Amino acid sequence: MCKPSHRTPARGGQENLAANQNYWTSTSNPGPSTVPMVTDSQSTELELYKLAVEMADRVSARRALANTFFLTVNTGLAALLGGNQLRWYVAVAGIVFALAWWWLLQSYRRLNQAKFDVINALEPELPVQLFSAEWRHLSAMKKPGRVWPLTAFWAWIWSYHELGTIERLVPIAFVAIYAVELIRQATS
1 MCKPSHRTPA
11 RGGQENLAAN
21 QNYWTSTSNP
31 GPSTVPMVTD
41 SQSTELELYK
51 LAVEMADRVS
61 ARRALANTFF
71 LTVNTGLAAL
81 LGGNQLRWYV
91 AVAGIVFALA
101 WWWLLQSYRR
111 LNQAKFDVIN
121 ALEPELPVQL
131 FSAEWRHLSA
141 MKKPGRVWPL
151 TAFWAWIWSY
161 HELGTIERLV
171 PIAFVAIYAV
181 ELIRQATS
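For the sequence shown, the positions run 1 to 188 when our numbering is used.
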């Protein structure tokens, strides 16, 4: 069986996360080099697991498509704000689209969380726990709680940040752009 490569991240100075730990199997498995074969009693669980992983992947693909749509619309609306003769309703429409995008991302986040809860609940019944191992690895690389002094800031920058957290910042940035434009128009 091929074991995952566990390299120390290029930045952040973290120790090798795989030291004395087998991320492919749960800690209850007897040996790191053996993975038991799937028995007939586990075949149903395996099929359900494969279905759950496929469904989670499809939700992620739909989220990416929605991100593309909302990013295109918001970029177009923000570009229109550069025109001199535009009215306040362009900025308001932008705020509505950006907030709808943010709420949709929240919904996709909750849906994916539920799907991964199901996947993680099925994994102990299988000989290999891929998603649990991945999250254990990523959790060890999570960002520190503070960003000061400067060394803590750089550790925070180079640490793991969930995609959902990062992608929810983009609609908020667009809301800020539109709000500034509304203020500019109101004071002009």
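Using N, Cα and C, we set each Cβ at its ideal position, and we do this for glycine too. Only a predicted model underlies this, so the values are computations on that prediction, with no experimental measurement involved.
Take the alpha-carbon of Ser159 and the one of Arg87: they are about 42 Å apart.
Glu125 is the residue among Asn67, Glu125 and Ala56 whose C-alpha sits nearest the C-alpha of Thr44. Between the region 164-180 and the region 91-100, the count of Cβ pairs shorter than 8 Å is three or higher; the stretches touch. In terms of Cα proximity to Leu71, the closest of Tyr49, Trp102, Glu47 and Val90 is Trp102. Within the region 54-142, the runs of alpha helix (DSSP H) that reach at least 4 residues and sit entirely inside it are, in chain order, 88-122 and 130-139.
Between the alpha carbons of Ala114 and Ala78 lies a distance of about 34 Å. With fewer than 16 other CB atoms across the displayed protein chains lying within 10 angstroms of its CB, Glu134 is exposed.
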